[in-house]
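Read in order, the letters of the sequence shown are residues 7 to 193 in the numbering used here. Below you'll find the structure, written out as structure tokens, and then a few comments.
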Amino acid sequence: MLDVVSKDLGWIEVITGSMFSGKSEELIRRLRRAQIARQNVAIFNPKMDTRFSNDHIVSHSEQKIPSIAIEDVSEILEHSRDAKVVGIDEVQFLGQEVVPICEKLASEGKRVIVAGLDQDYRGVPFEPIPHLLAIAESITKTLAICVKCGNPANRTQRITKDKDRVIVGATNIYEARCRKCYEPPEE
């Protein structure tokens with residue numbers, strides 16, 4: 007974590023890992039601390055993720071914080087003009103276009119905190135996370151608990167036969183699995 011920074015220095019923090027690993031919970035924790043410090047905070051999530059709420063980021067542990075649901079990444083710039091801290095959840099749903107926006111915000115002196123899956127259900131790196139990892143000043147990799155054996159889990163197992171890369175869901179569609187218990191889907 008960045009402990010001592012210049013007043014006008016911006017940076018990017020990435021929180022990543024599998025489903026059920028606490029990414030949103032950690033994002034909410036950091037954003038709440040910024041709010042407690044009376045920093046102006048702008049919080050975003052993709053409009054397509056309506057699992058728990060349309061106007062909040064909600065963790066699987068039911069922690070929540072108000073957010074702006076966006077369809078287009080350009081809305082981030084529009085709604086974060088006065089923000090000192092920008093938080094974005096489920097960044098993997100926003101595509102590569104979010105990378106230059108994060109760079110721009112950080113270059114303007116903002117603290118940008120993003121959370122998202124690092125791998126899809128096939129175990130393939132989930133863009134834009136690899137690019138964000140390369141440009142981030144701070145990276146946090148979260149681990150879940152494997153539902154099969156209880157070991158640390160870094161994979162997301164889809165338990166349905168759907169083949170689309172993006173299917174928004176929770177425990178009804180996905181499980182956290184370790185490397186040993188993960189079963190790659192048949193292509």
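C-beta atoms are modelled at their ideal positions from N, C-alpha and C, and glycine is treated no differently. Being a predicted model, the structure only gives us computed values, none of them experimental.
Distance CB(K116)-CB(V97) smaller than 8 Å: Against a cut-off of 8 Å, the Cβ pair of V97 and K116 comes out as no contact.
8 Å Cβ cutoff met for S86 and S30: no
Boundaries of the alpha helix (DSSP H) in which V104 is found, first to last residue: V104 to S113
Under the rule that 16 or more other beta-carbon atoms within 10 Å means buried, what is Q163, buried or exposed? With 16 or more other CB atoms across the displayed protein chains lying within 10 angstroms of its CB, Q163 is buried.
May I have the straight-line CA-CA distance separating I179 from I42, to the nearest angstrom? In a straight line, the C-alpha of I179 is about 36 Å away from that of I42.
From which residue to which residue does the beta strand (DSSP E) around E6 run? Look at the range of the chain in this structure, 7 to 193, and you will see that residue 6 is not part of it.
Can you find the residues in the same chain that come closer than 6 Å, C-beta to C-beta, to P134, ignoring five residues on each side of it along the sequence? Q102, V104 and V105
Is it right to say V47 is buried, meaning 16 or more other beta carbons lie within 10 angstroms of its own, or is it exposed? With 16 or more neighbouring CB atoms inside 10 Å of its own CB, V47 falls in the buried class.
By Cβ distance, which residues of its chain are closer than 7 Å to P191, with the 5 residues on each side in sequence left out? Y127, R128 and R164
Which whole-angstrom value describes the C-beta separation of S113 and G28, a residue pair presumed to lie in contact below a C-beta threshold of 8 Å? Between G28 and S113 the Cβ distance is about 29 Å, and since that is not below 8 Å, they are no contact.
Smallest Cα separation from D95: which of E109, R185, V20 and K13? V20
Strand pairing of L123, partner residues [DSSP]: G23
Residue span of the beta strand (DSSP E) that contains P72, given as start and end: K70 to P72
Could you give the DSSP three-state label for I82: helix, strand or coil? helix
F132, DSSP secondary structure in three states: coil
If you check the beta carbons only, do I141 and I18 fall under 8 Å apart? Cβ distance < 8 Å, so I141 and I18 count as in contact.
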